[in-house]
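K.L.:
The following block contains the structure, expressed as structure tokens.
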Amino acid sequence: MVKLFCAVVGAAESAFPVDIDGSQSVGDLKKAIKAENEDIKCPARQLQLYLAKKGDAWLTQKQVEESVDDTSDFKLLKVVAAPLQLVGLSEKDVAFELTMEDVETMNTPVHVLVVVPTEALSTAVAKKRKLAEVRELITPSSFAKCKGGGSWVKWLKKLNGQIECHRIDRSDDETPIPLVLLNKTFARFEENCKKVEIGSEDCEFVIKLCHGMSIPYESEAELADKARNLLNEYLLVDYPASTITPATVNGSVSDGSYRFGETLLFNLECKLQKGDGGGDPTMQNVAYYIKNLPNVIHRQFPCFLVDICGPLMSVFGIVNTGDEDAICEPLVMSFPLLFFDNEWLMVSLARVCASLKIALRELTEECHQLVTSRRNLSSANDLDRLRFPYQDFVEFNGAIVSLRYVEVIQRFVFVAKLQDGSEVIVKFTKRYGQEVHQYCSDAGFAPALLCCETLPSGWTFVVMERLSLISLERAETDQTMVRDQLCEIESGLAAAAFVHGDLRDSNVMWDPVKNRVVLVDFDWSGKDGADTYPPFMNAEIAWPPGAETGKPLRCAHDAYWLDSMKRRLQFK
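As numbered in the numbering used here, residues 30 to 601 make up the sequence shown, in order.
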């Protein structure tokens with residue numbers, strides 16, 4: 030008997046053993062593989078087997094996990110009747126003396142690569158990796174590159190959205206919740222960057238930073254040392270016992286890391302110039318964050334990632350949204366670290382630096398509170414909570430009421446439950462026609478508006494009653510009633526000089542409980558002739574004449590949609 034270790038190409042944690050006699054055939058091995066791996070749903074004959082060997086060396090489990098996503102460089106075992114001992118899979122061929130180091134580093138051999146038709150892989154095979162597992166597989170210096178087996182391109186494709194950096198399309202086409210809605214520190218940082226008051230110490234630091242980073246350096250280590258010292262002196266002035274220091278994680282050394290205990294709060298990556306070494310400093314920073322995550326993830330681990338690439342500084346935020354996913358986004362534009370006569374740029378850079386100092390102080394204090402209170406959030410419900418926005422309470426008539434998110438309807442729209450068990454709709458938007466929504470609600474053709482407030486970073490937090498709505502096409506009611514209600518809505522909005530702004534079919538619904546037309550989605554709503562349409566309107570939609578980015582809202586635009594609806598819909 031020979032023990033063969035097999036791995037399914039493109040599947041997580043897919044290595045498994047198969048015991049088979051060396052005199053048996055490739056066809057017999059296919060049957061044994063299917064029998065051993067219950068996640069394979071196709072007939073055994075549809076499996077393609079490849080010898081997992083490059084030159085004279087077997088692939089290791091680590092190599093398979095990290096970099097094998099195609100089999101063009103491997104020998105196909107295509108002769109079904111061929112005995113295993115004649116195709117390089119005899120007991121002698123696969124003999125390997127394992128050491129403890131091989132086991133610890135996952136350098137154990139894999140002998141057979143298995144390619145399964147995509148539709149025949151069960152969801153169990155395609156399950157997500159834990160971030161703690163990814164941590165052991167990636168290397169920051171390789172992850173920084175855009176080519177190669179360990180590159181960020183390969184890994185982000187393999188992980189399919191688990192580490193979201195907005196660089197690789199996801200197979201589900203979903204866009205995650207913005208970072209500033211997931212963590213309040215990032216939200217406050219973004220808000221502070223626009224309006225925090227700066228003082229002489231902030232301006233003096235920016236001058237030092239620009240002078241220190243704009244001169245040429247002989248080595249990356251010299252540049253990193255200068256940047257680290259400048260940032261340490263300014264950002265951690267309130268914590269003299271703390272420092273930003275190079276940190277070694279699994280053999281990789283960062284240019285500068287600030288930790289509270291074992292929790293990474295800030296990481297620095299420096300490059301002498303753009304494109305230096307063929308690596309992306311932001312991606313290298315992302316890898317350092319992943320490498321610093323604990324074995325057991327029980328809460329959010331927000332972290333600031335700063336990269337200095339020549340005389341250019343960027344600030345990103347990253348946070349996990351559970352124990353399998355993380356999201357990284359830029360928090361501000363990249364700034365040239367050049368001291369020149371552009372007051373707006375220099376003041377903006379000073380605000381960013383001051384805001385970063387405040388944010389690191391905030392994260393440090395939160396970590397201190399966690400340690401002193403000995404909080405340990407570890408239940409499945411706690412982890413599930415991390416994928417929702419941080420705002421988890423609403424104020425009604427001066428009373429604070431907690432809410433619990435139940436499901437995602439769209440990217441910024443959620444179902445949530447209040448303390449009394451009632452369900453509400455929660456929405457986050459960059460602008461909202463509160464006055465128009467309230468008017469429509471009072472008139473009986475919109476959900477009751479329960480809360481509308483502005484959060485840090487400028488997002489609007491909206492809570493409204495949840496109604497069981499259906500499309501107008503499905504309304505089982507008299508056609509005349511619906512037409513009359515559409516006319517009343519049109520005349521009512523025009524009389525108040527209000528414009529909804531987006532009365533497409535999906536925003537004009539039917540409430541079968543109260544037999545009424547209901548308007549939703551008041552993001553663009555405002556005053557006729559005063560408020561304007563937002564930027565980045567969908568160019569594929571046939572908007573009413575005059576409804577364009579930056580142009581004023583008009584009552585005629587609402588009439589365009591409602592008149593079209595009355596002509597098109599066929600009611601029962």
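Even for Gly, the Cβ is constructed at its ideal location relative to N, Cα and C.
Taking A73 as the reference, give the member of P46, S101, R460 and V143 with the closest Cα.
P.N.:
Position 44 of the sequence shown, counted from the start, is the residue given in the question as residue 73. It is V143 whose Cα lies nearest to the Cα of A73.
K.L.:
Would you say the segment 569-580 touches the segment 499-516, given that touching needs at least three Cβ pairs under 8 Å?
P.N.:
No, they do not touch.
K.L.:
To the nearest angstrom, how far is it from the Cα of S243 to the Cα of K303?
P.N.:
What you label residue 243 is simply residue 214 of the sequence shown in a count that begins at 1. What you label residue 303 is simply residue 274 of the sequence shown in a count that begins at 1. Rounded to whole angstroms, S243 to K303 spans 13 Å at the Cα level.
K.L.:
Using 8 Å as the threshold, is the C-beta distance between C222 and S363 below it?
P.N.:
Walking along the sequence shown from the start, residue 222 turns up at place 193. Walking along the sequence shown from the start, residue 363 turns up at place 334. Contact flag unset, no.
K.L.:
If G285 and L297 are in contact, beta carbons under 8 Å, what's the gap, nearest whole angstrom?
P.N.:
The sequence position of residue 285 within the sequence shown is 256, counting from 1. The sequence position of residue 297 within the sequence shown is 268, counting from 1. With 8 Å as the limit, G285 and L297 qualify as a contact, their Cβ atoms being about 4 Å apart.
K.L.:
Helix, strand or coil, according to DSSP, for T506 in the structure here?
P.N.:
For the purposes of this step, residue 506 is taken as residue 477 along the sequence shown, with counting starting at 1. Here T506 sits in coil by DSSP.
K.L.:
Using a Cβ-Cβ cut-off of 8 Å (strictly less than) and excluding sequence neighbours within five positions of S119, which residues of its own chain qualify?
P.N.:
Residue 119 sits at position 90 when you count from the first residue of the sequence shown. Cβ neighbours of S119 beyond the five flanking positions: V31, G51 and L113.
K.L.:
If you draw a straight line from the alpha carbon of T483 to that of E519, how long is it in whole angstroms?
P.N.:
Residue 483 sits at position 454 when you count from the first residue of the sequence shown. Residue 519 sits at position 490 when you count from the first residue of the sequence shown. Near 29 Å, if we compare the C-alpha coordinates of E519 and T483.
K.L.:
Would H240 be called buried (16 or more neighbouring beta carbons within 10 Å of its own) or exposed?
P.N.:
Working through the sequence shown from its first residue, we reach residue 240 at position 211. Burial call: exposed.
K.L.:
For the segment 343-357 against the segment 266-281, do three or more pairs of beta-carbon atoms, one drawn from each stretch, fall closer than 8 Å, so that the two count as touching?
P.N.:
At 8 Å Cβ cutoff, the stretches do not touch.
K.L.:
For the beta strand (DSSP E) that K176 lies in, which residues bound it at each end?
P.N.:
Reading the sequence shown from its first residue, position 147 is the one you call residue 176. Element bounds for K176: n/a, residue is neither H nor E.
K.L.:
Going by alpha carbons, who is nearest to N66 out of K83, D57, V47 and G56?
P.N.:
Taking the sequence shown and counting its residues from 1, one reaches residue 66 at position 37. Comparing Cα-Cα distances from N66 to each of K83, D57, V47 and G56, the minimum goes to V47.
K.L.:
What is the DSSP secondary structure of I49, counted as helix, strand or coil?
P.N.:
Along the sequence shown, read from residue 1 onward, the residue named residue 49 stands at position 20. It is a strand residue.
K.L.:
For L264, count neighbouring C-beta atoms within 10 Å of its own C-beta (all shown protein chains included) and say buried if the count is 16 or more, exposed if not.
P.N.:
Taking the sequence shown and counting its residues from 1, the one referred to as residue 264 is at position 235. Counting Cβ neighbours within 10 Å, L264 comes out buried, since at least 16 surround it.
K.L.:
When DSSP builds the beta bridges, which residues end up paired with G56?
P.N.:
Translated into the one-based positions of the sequence shown, residue 56 becomes position 27. DSSP output for G56 lists no bridge partner at all.
K.L.:
Thinking C-alpha only, which one of R217, Y468, E133 and L211 is nearest F279?
P.N.:
The sequence position of residue 279 within the sequence shown is 250, counting from 1. Before going further, note that residue 279 is Asn rather than Phe in the sequence given. With distances taken between Cα atoms, N279 lies closest to E133.
K.L.:
For I319, which residues of its own chain have a beta-carbon under 8 Å away from its beta-carbon, when the five flanking residues on both sides are left out?
P.N.:
As a working note, residue 319 is residue 290 in the sequence shown. Within the same chain, I319 has close Cβ partners L160, V163, R164, I167, I192 and A355.
K.L.:
Can you tell me the Cβ-Cβ gap for L591 and L498, rounded? I've got them flagged as a contact below 8 Å.
P.N.:
Here residue 591 refers to the residue found at position 562 of the sequence shown. Here residue 498 refers to the residue found at position 469 of the sequence shown. The pair is not a contact, with the Cβ atoms about 17 Å apart (cut-off 8 Å).
K.L.:
Report the residue ranges of all beta strand (DSSP E) runs contained in full by the segment 65-150; include only those spanning at least 3 residues, in chain order.
P.N.:
The qualifying runs are 77-80, 86-89 and 141-144.
K.L.:
Are S343 and P359 closer than 8 Å when you measure CB to CB?
P.N.:
If you number the sequence shown from 1, residue 343 lands on position 314. If you number the sequence shown from 1, residue 359 lands on position 330. Going by C-beta atoms, S343 is nearer than 8 Å to P359.
K.L.:
Identify the continuous beta strand (DSSP E) that holds D336 and give its terminal residues.
P.N.:
In the sequence shown, the residue the question calls residue 336 occupies position 307. Unbroken beta strand (DSSP E) run through D336: C332 to C338.
K.L.:
Run through the segment 515-579 for me and flag every whole alpha helix (DSSP H) of 4 or more residues, listed as ranges in chain order.
P.N.:
List check, alpha helix (DSSP H) in window: nothing returned.
K.L.:
In angstroms, rounded to a whole number, what distance separates the CA positions of A44 and V139?
P.N.:
Along the sequence shown, read from residue 1 onward, the residue named residue 44 stands at position 15. Along the sequence shown, read from residue 1 onward, the residue named residue 139 stands at position 110. Taking the straight line from one Cα to the other gives about 8 Å.
K.L.:
For A40, name the three-state secondary structure that DSSP assigns.
P.N.:
One-based indexing of the sequence shown puts residue 40 at position 11. Residue state, collapsed to three classes: coil.
K.L.:
Give the secondary structure of M30 by DSSP, where H, G and I count as helix, E and B as strand, and everything else as coil.
P.N.:
Translated into positions along the sequence shown, residue 30 becomes position 1. Three-state result, M30: coil.
K.L.:
K82 and G117: beta carbons closer than 8 Å?
P.N.:
Numbered from its first residue, the sequence shown carries residue 82 at position 53. Numbered from its first residue, the sequence shown carries residue 117 at position 88. Closer than 8 Å, so yes.
K.L.:
What is the rounded straight-line gap between the Cα of L106 and the Cα of K63?
P.N.:
Locating residue 106 in the sequence shown gives position 77, counting from the first residue. Locating residue 63 in the sequence shown gives position 34, counting from the first residue. When rounded, the distance between both Cα atoms is 16 Å.
K.L.:
Where does T277 sit, in a helix, a strand or coil, going by DSSP?
P.N.:
On the sequence shown, residue 277 is found 248 positions in, with the first residue counted as 1. Strand, per DSSP.
K.L.:
If you count every other CB in all the chains shown that lies within 10 Å of the CB of M129, and 16 or more means buried, which is it?
P.N.:
Residue numbering aside, residue 129 sits at position 100 when the sequence shown is read from its first letter. Label assigned to M129: exposed.
K.L.:
Determine the burial state of D336: buried for a count of at least 16 other Cβ atoms within 10 Å of its Cβ, exposed for fewer.
P.N.:
Looking up residue 336 in the sequence shown gives position 307. Under this definition D336 is a buried residue.
K.L.:
My guess is that L208 and Y419 are in contact by the Cβ rule of under 8 Å, so how many angstroms apart are they, rounded?
P.N.:
Sequence index remark: in the sequence shown, residue 208 carries index 179 (1-based). Sequence index remark: in the sequence shown, residue 419 carries index 390 (1-based). Contact flag wrong, Cβ pair sits at about 10 Å.
K.L.:
Hey, out of V108, R597 and P573, whose CA is closest to Y589's CA?
P.N.:
The count along the sequence shown starts at 1 and reaches residue 589 at position 560. Nearest C-alpha to Y589: P573.
K.L.:
What do you get for T277, buried or exposed, if any count of 16 or more other CB atoms within 10 angstroms of its CB means buried?
P.N.:
What you label residue 277 is simply residue 248 of the sequence shown in a count that begins at 1. With fewer than 16 other Cβ atoms within 10 Å, it is exposed.
K.L.:
What is the DSSP secondary structure of F215, reduced to helix, strand or coil?
P.N.:
Here the question's residue 215 lines up with position 186 in the sequence shown. Here F215 sits in helix by DSSP.
K.L.:
Hey, how far is the Cα of Q53 from the Cα of V141?
P.N.:
Position 24 of the sequence shown holds residue 53. Position 112 of the sequence shown holds residue 141. One C-alpha to the other measures close to 15 Å.
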